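The structure appears below as structure tokens.
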Amino acid sequence: RLCQIFGAGFAEVVVLPDSPDQDALLVRVRGGRTMETSEAVDEDLLADVFSVVVPQSLSLVLREGAGPGQADAMLSRRGLHGAVMAALSVEGIVLGSLMVGRNEADRRSFTDEDRRLLEALAPQVGVTVEKLRLDERINHQAFHDSLTGLANRTLFADRVVHALDRRVAADRLRAAILFIDLDDFKVVNDTLGHPSGDLLLQGVTERLRRVVRPFDTVARLGGDEFAV
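Okay, so the sequence shown: first residue is 300 according to the numbering used here, each after it adds one.
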């Protein structure tokens, strides 16, 4: 839609992650084709996103040989002649950036009017991104244990049903369920306190994650009870 509005062949949305250990989401449209990827947050990516924070307007026009110091590098990495860029921000928090660009074959320049238009559209995209993030967090909380991040009882039961549907055929069962509980866990809580008990549960979680396959499900059913 942005490509249509600006008569451009390139558009990009960068959404920064909620935490440092996660990847950024990049959605790029080039020549009518959309590609969605995840990328590690490195210095180049952060410099690109926050280059729009310097201007008070949270937007800028990028031209070869002009603009901020990294403008040429930003355009070169994307194979663009020029671009217009705006911050994705909600209530003063920068979530990422929005860019529309023209390739080397299209020598038309973007104007301040284009910049103001993208700046007006960016908050709508930002609100949409924030709503999707909120929905994702709510959905995650509904099906995961808050202490360990593992699947909860509800999600585990659903995974069991799907596993049985897929793997029970011709009287041959190709699935297994393992129940695990921790002996004397109550002693840890009673003698060392609940914070120590929580650390123990998180340590057990990491050990279980290391010894299962990527497609296996590890769950905390409650208290000191786990299931795989």
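Cβ atoms here follow ideal geometry from the backbone N, Cα and C, with glycine treated the same way.
Here the structure is a predicted model, which is why all the values come from computation and not from measurement.
I need the straight-line Cα distance from Asp343 to Val393, nearest angstrom please.
16 Å
Leaving out five residues on either side along the sequence, give the residues of the same chain with a beta carbon under 6 Å from the beta carbon of Arg329.
Phe309
Is the Cβ-Cβ distance between Glu435 and Val389 less than 8 Å?
no
Does Asn438 come out as helix, strand or coil in the three-state DSSP assignment?
helix
Determine the closest residue to Arg406 out of Glu505, Arg376, Glu335, His380, with distance taken between C-alpha atoms.
His380
What are the partner residues of Val393, as DSSP defines its beta bridges?
Ser388
My guess is that Val353 and Ala386 are in contact by the Cβ rule of under 8 Å, so how many angstroms apart are they, rounded?
About 10 Å; that fails the 8 Å criterion.
Please list, in chain order, all residues of the same chain as Arg327 whose beta carbon is under 6 Å from its beta carbon, the five residues on each side excluded.
Glu311, Met334
Between the Cα of Arg332 and those of Ala339, Ala441, Ala307, spot the shortest distance and give me the residue it belongs to.
Ala307
Exposed or buried, what is Arg519 when buried is set at 16 or more other beta-carbons lying within 10 Å of its beta-carbon?
buried
Is the beta carbon of Leu361 sitting closer than 8 Å to the one on Ala346?
no
Determine the DSSP secondary structure at Thr410, reduced to helix, strand or coil.
coil
Whole angstroms is fine: what's the gap from Arg414's alpha carbon to Ser318's?
30 Å
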